[in-house]
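Data block below; observations after.
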């Protein structure tokens, strides 16, 4: 496992180092989608290079991408004016949409290009090579050093542009410096990690740390720690649960964001006192009532909450079945368990035969294939029996379960609502 | 005039009459639209200069998700014959046809999958635990078995001759000539790959079962069981370990397959990558149907050759 994951992990750490810092700028400027726009412009550059006869992963492709991204950076720094009549996000959005459309128009003239350009934006963090990581680290070290050297004007124009302008800073010029370095970073990162991952590294750690502190130094430290931690967790989850790597890391960032939001929500609840708790109670009661109403209105639709309850407590379903149906339920459940285990075993055997680890004569193989097909159908049939029984139970749960839920939810909600009103006056 | 000449003149007159009675033809070549470059190549092999074939999709484009362009609608509108891969390969075609033809009568349609012995026709339920990429009606990449060109061209001959009965002999002649070249090709390709019969190979996408069966190769796994979704690290690791253990020497990748992924697997497992075109035009050298196999077989043999 480690030999496969250490290069991606190092790449993630390098990305964290650069992007968390740039993310602070992006967040302060309120240009959240600027990296998507620049990445798309860079992809347009690669597309044009492809049409000119350069392979996608070639050096020429990279220089085309960089040239286009720099042009995009110039455009973005020019559109920052003091009292804008339209928000800069509008310009960014238009740049994104138009460059994506232009890339489609260009790629339409080159056979087989579409798949490649898609690949370019999706990236492949899992297949990053150590050489690419080293090149990325060196490049970001240079850019980081540049940002440290001129940190004063750069931070000022991002975090307090009014003061910077009053202090006589040439806003546009420094803006251009910022966007140029940003374009170089995005162009290089997206090649390795894809737009989704780059966007997550840029925005999530910076946003979470901004929720926790005002100091730029603290934000940077917190963001780096979070980025590194989420990268490691995401890579681990991707391996442990057999999931595509890039998407798993992005989802991990989402989980981090959700966890922080929940924690802040609970903190606010604790601070808000009884009134806030009552309001949450009303909302929960309303949810219960709605669930009951849905069960009454459409007993056969998907009631996932009830599925979960019944998985843990089969009695909830069994109580609504006749003795004969109950027997069928037990039989089918055991048959599904047995069938799945056998299918798994035979599939492994088939796999082993295919890989040459086990030997079977062609006739035996054919019999195995047919047996697997038949067994699969039988198990599917048993599953169908369970589903049918569940449907029958739902028809009976409809009123016996749905009506009490509606009543309990409505009564509880009403009581809590009255309580909260009386608390307010 | 001798009686034989009279006979010839009679036939000629009949031909002119029949020619005139065919509705969708203005005397020029028959307008044929093929959904793929492979079917275009085969239609041209049979139809020669008496047909004008357009391929709706360039090779290497994902045939399942298609952005229809006005030019393609225009081609469908002109078409007297639409040649398609069939099965669930072109889910968008019916809609595009309805849109293009409006009230005009539909063109003749040739579903080339008829008369082909399909592989992997099982449903997802019957193949539990194996890849999700299951073609409900069978794997659609049947043109990659050169023997399947026989039923396909037979269907083409039939459909074209129905549109232009007078040209039947011409089409038949061309098909016979094509099959002669095909037979020579099959002998050549079988000979080139004979040393590697029974070899285990890994593919990137499940496009190669017909090809593998024809040339006695044994596909043991697909690198991207779900097209477009990169495999998980655990799958990659176990795949590479198994490939090493089973001494898989070759990974077949389409030209548009994810290069970094294929390189990674090749490096991890010690296998060599063979970039093969799965369609005519997929590689510059694969200009027609025979050339497609010429280049694929040459590249594959090169990848197998011990170094």
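Chains as they are written, first to last, in the numbering used here: chain X, 306 to 730; chain H, 16 to 322.
Even for Gly, the Cβ is constructed at its ideal location relative to N, Cα and C.
Every value quoted in this text rests on a predicted model; they were computed, and no experiment measured them.
Provide the residue(s) that pair with residue i in DSSP beta bridges, ordered along the chain.
i                      : result
residue 96 of chain H  : H:47, H:123
residue 233 of chain H : H:215
residue 67 of chain H  : H:46
residue 288 of chain H : H:266
Check this for me: beta carbons of residue i and residue j, under 8 Å apart or not?
i                      : j                      : result
residue 630 of chain X : residue 680 of chain X : no
residue 596 of chain X : residue 710 of chain X : yes
residue 97 of chain H  : residue 59 of chain H  : no
residue 164 of chain H : residue 57 of chain H  : yes
residue 45 of chain H  : residue 65 of chain H  : yes
residue 441 of chain X : residue 313 of chain X : no
residue 382 of chain X : residue 480 of chain X : yes
residue 264 of chain H : residue 214 of chain H : yes
residue 328 of chain X : residue 466 of chain X : no
residue 219 of chain H : residue 267 of chain H : yes
residue 90 of chain H  : residue 69 of chain H  : yes
residue 587 of chain X : residue 718 of chain X : yes
residue 72 of chain H  : residue 153 of chain H : no
residue 298 of chain H : residue 312 of chain H : no
residue 158 of chain H : residue 233 of chain H : no
residue 561 of chain X : residue 633 of chain X : no
residue 547 of chain X : residue 249 of chain H : yes
residue 529 of chain X : residue 321 of chain X : yes
residue 489 of chain X : residue 495 of chain X : no
residue 378 of chain X : residue 464 of chain X : no
residue 468 of chain X : residue 461 of chain X : yes
residue 280 of chain H : residue 255 of chain H : yes
residue 606 of chain X : residue 445 of chain X : no
Could you check where the alpha helix (DSSP H) with residue i kicks off and where it finishes?
i                      : result
residue 317 of chain H : 304 to 319
residue 601 of chain X : 550 to 602
residue 267 of chain H : It is not in any alpha helix (DSSP H) - residue 267 of chain H instead sits in the beta strand (DSSP E) that spans 265 to 268.
residue 622 of chain X : 620 to 623
residue 258 of chain H : 248 to 260
residue 435 of chain X : 435 to 454
residue 395 of chain X : 393 to 412
residue 521 of chain X : 521 to 545
residue 130 of chain H : From DSSP, residue 130 of chain H is part of no alpha helix (DSSP H); its letter is neither H nor E.
residue 612 of chain X : 609 to 617
residue 52 of chain H  : 52 to 62
residue 366 of chain X : 364 to 383
residue 350 of chain X : 339 to 356
residue 116 of chain H : 108 to 116
For the beta strand (DSSP E) containing residue i, list its first residue and its last residue.
i                      : result
residue 216 of chain H : 215 to 218
Against residue i, what residues of chain X qualify as contacts under a CB-to-CB distance less than 7 Å, listed in chain order?
i                      : result
residue 259 of chain H : In chain order: nothing, as chain X lies at least about 11 Å away.
residue 279 of chain H : 432
residue 215 of chain H : 661
At 7 Å on the CB atoms, spell out the chain A contacts of residue i, in chain order.
i                      : result
residue 244 of chain H : Absent here is chain A; the protein component of the structure consists of chains X and H.
Along chain H, in chain order, which residues have C-beta atoms closer than 9 Å to that of residue i?
i                      : result
residue 514 of chain X : Those do not exist, as residue 514 of chain X stays about 28 Å from chain H at its closest Cβ, beyond 9 Å.
residue 543 of chain X : 247, 248, 249
residue 362 of chain X : 274, 275
Taking C-beta pairs closer than 7 Å, name the residues in chain H that residue i reaches, listed in chain order.
i                      : result
residue 310 of chain X : 248
residue 659 of chain X : 235
residue 429 of chain X : 245, 273, 275, 276
Using a Cβ cut-off of 9 Å, pull out every chain X residue sitting near residue i, in sequence order please.
i                      : result
residue 256 of chain H : Per Cβ cutoff of 9 Å: no residues; residue 256 of chain H is ~10 Å from chain X at best.
For residue i, which residues in chain X fall below 8 Å Cβ to Cβ?
i                     : result
residue 99 of chain H : Going along chain X, no residue has its Cβ under 8 Å from residue 99 of chain H, so there is no contact; the nearest lies around 20 Å.
Legend entry - Segments of 4+ residues assigned as alpha helix (DSSP H) that fall wholly inside the region 463 to 514 of chain X: 466 to 471
Inset, instruction - Ignoring anything shorter than 4 residues or poking outside the region 629 to 703 of chain X, list the alpha helix (DSSP H) runs there in chain order. - result: none
Inset, instruction - Please list the segments of the beta strand (DSSP E) lying wholly inside the region 168 to 230 of chain H, counting only runs of 3 or more residues, in order along the chain. - result: 215 to 218
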